[in-house]
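Numbering (full-length UniProt numbering), first residue to last: 1 to 176. Backbone N, C-alpha and C define an ideal beta-carbon position, used for all residues, glycine too.
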Amino acid sequence: MTDDLRKRCFDPVVDERTRLLVLGSLPGEKSLAVQQYYGNRQNKFWALMSEVLDVALVPLAYEARLQTLLAHGVGLWDVVAEAHRPGSLDSAIRDRNDNDLPALLARYPNIHTIAFNGGTAARLGLKRLGKQARRYRIFNLPSSSPAYTLSYVAKRDAWLALRLGLGVVERLNSEP
């Protein structure tokens, strides 16, 4: 294995206001290249969170997006701390070290909801949390990645359930 195939996650984006923690698996190539969570413009994360929060995140600068998430009680991190992975597909993750999710959750006790962005994040994250997962409201969401070919509307409908984790009243009008 060469070092250029070893990928590392970003630092967690959380603070004392965080109630909902969204966990991905590991940043993809484009995200790592621009050093931004969900930095691939084809990834629908920012559009989906815009719908959840009813705030236009996509036009904002990256730092403003992060600050807006935090202001709404949303944090970001990844389940995998580092791994060998050629390309961006989760199926290619090998020789991984996972993040210490229990320690982060202990440090931020206001987190009561965890959302996994995709199946790999859910499978690995739930395994890492073990019995501790029962303490949290858990959402296993369809991946926002372009590699997961579910329609945007279907993804959006699933992601809107996060409003329950934030105490946001469901909008009556759920237009695309």
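Distance, Cα to Cα, residue i vs residue j?
i: R85; j: L129; result: 23 Å
i: L26; j: P142; result: 15 Å
i: K44; j: A147; result: 11 Å
i: Q42; j: A71; result: 25 Å
i: D100; j: S50; result: 28 Å
i: G118; j: K131; result: 20 Å
i: D157; j: Y136; result: 21 Å
i: A56; j: Y38; result: 16 Å
i: L164; j: N110; result: 15 Å
i: R96; j: T120; result: 13 Å
i: E16; j: G73; result: 9 Å
i: K30; j: H112; result: 30 Å
i: R94; j: L105; result: 25 Å
i: T68; j: D98; result: 27 Å
Using a threshold of 7 Å, state whether the C-beta atoms of residue i and residue j are closer than that.
i: L53; j: I114; result: no
i: W46; j: V34; result: no
i: D90; j: C9; result: no
i: A154; j: F139; result: no
i: G28; j: N40; result: yes
i: L126; j: A133; result: yes
To the nearest whole angstrom, what separates the beta carbons of residue i and residue j, a pair I think is in contact under 8 Å?
i: L48; j: S144; result: 6 Å
i: R6; j: E82; result: 6 Å
i: G75; j: V13; result: 6 Å
**Study point:** Whole runs of the alpha helix (DSSP H) within the stretch 101 to 158, excluding any shorter than 4 residues
**Key:** 101 to 107 and 119 to 129
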